[in-house]
Amino acid sequence: MYHVHGTHVVPGMTPDQQRTAHRWEKPALVAALLVIPYLLLDHFAPSGAWEVVVDILYAGLWSFFVAEALHMLWLSPSNWAWLRRNTLDVTVIVLTAPVSAWPETFEVIQVLWLLRILDLMPVLHRQVMRVTVVRFAFILWGLTILAGGLAYTRLEAGQETPPDLLEAIYWANTTVSTVGYGDWLPHTWQSILLTIPLQAMGVVLGAILIAGILPLFDKEFAEGFTAKVSAKVDAMAGDVADIEEDVQDIETDIDDIAHGERSQDRVLAQIALDLAELKRHVGLSSHTRDPPT
């Protein structure tokens, strides 16, 4: 949550500070993705070597988040502005600190570490895969039901028949989708409070999916409409070509007719000249045969 675009660069940084901030992006993405196996391993509470792995992951992830926040605080041109923009990050880091002063139920707050994946989605988009609106919606859905399921199992652990992880994820999914079959219900006040944001997230996910899917239909409609228009234009272009050809034929015929009329005029003129010449000769002959008295 360091920037609206999800990078570590904040407004006002110098070019050197920006380069330094960008170096944190890949390690931060790796750390954020490691949160998923850590939370799963921590849920199953393994013993022996796996327990050591869980402790190392916890200490390593929390230490990385602290170092990252401190370094970004040092790089940021305005410390107070950075703290205001990252209040949730700082709060989660403080409440998940390895201190015995916090109640045991505070461990459920560790699921909020998954928010770092959403924060680094632009880095995931640049480095790993193209994140479309639909993909973002499904990633958000997956993280929501995973976090909700893990939190539900921990908050409902004291019940007579506590849910396992699969049942808890199922409950989170029915809550997010607002279906609510009723076979699993929240029994503690913490679980009831957890239900409220999960139900609200269902509305958000629906809106994101609609925003991502509608343009696909609009694109198909636009492409189909464009194809139809192109076909009509092509047909009209063919008709225009035929009309132009017909016009050229008519013009040729007119030229031919005009040429024919000019030829006919010349013939008629010649005939008139010949007739005039003939009349002149006839007139001369008659005068020669009849002498004057």
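In the working numbering, the protein residues as written are 1412 to 1704. Just so you know, even glycine gets a beta-carbon here, dropped at the ideal spot from N, CA and C.
Asked                                                                                   : Found
Rounded separation between V1415 and R1434 - CA only                                    : Since pLDDT at V1415 reaches only 43, below the 50 mark, its modelled position is unreliable, and the value read off the structure follows with that caveat. So the alpha carbons of these two residues sit roughly 18 Å apart.
D1575 versus N1497 - alpha carbon distance                                              : 34 Å
P1488 burial status per 10 Å Cβ neighbour count (16 or more: buried)                    : exposed
Endpoints, the alpha helix (DSSP H) within which A1443 is located                       : E1436 to F1455
Span separating the alpha-carbon of F1517 from that of L1450                            : 14 Å
Alpha-carbon to alpha-carbon, T1564 and L1577                                           : 9 Å
Terminal residues of the alpha helix (DSSP H) in which P1509 lies                       : From DSSP, P1509 is part of no alpha helix (DSSP H); its letter is neither H nor E.
Whole-angstrom distance between A1456 and M1424, CA atom to CA atom                     : 43 Å
Status (buried if at least 16 other CB within 10 Å, exposed otherwise) for W1582        : buried
Neighbour-count burial assignment, G1459, 16 or more Cβ in a 10 Å radius                : exposed
DSSP three-state assignment for R1541, whether helix, strand or coil                    : coil
Whole-angstrom distance between L1526 and V1534, CA atom to CA atom                     : 14 Å
Exposure label - T1507; buried when at least 16 CB within 10 Å                          : buried
Cα-Cα separation between V1615 and H1482, rounded to whole angstroms                    : 33 Å
Collapsed DSSP secondary structure at T1431 in the structure displayed                  : helix
Cβ pair count under 8 Å reaching 3, the segment 1554–1568 against the segment 1591–1606 : yes
Check whether V1545 and M1532 have beta carbons under 7 Å apart                         : no
Whole-angstrom C-beta distance between T1586 and Y1592, which should lie under 8 Å      : Incorrect: roughly 10 Å between the Cβ atoms, too far for contact.
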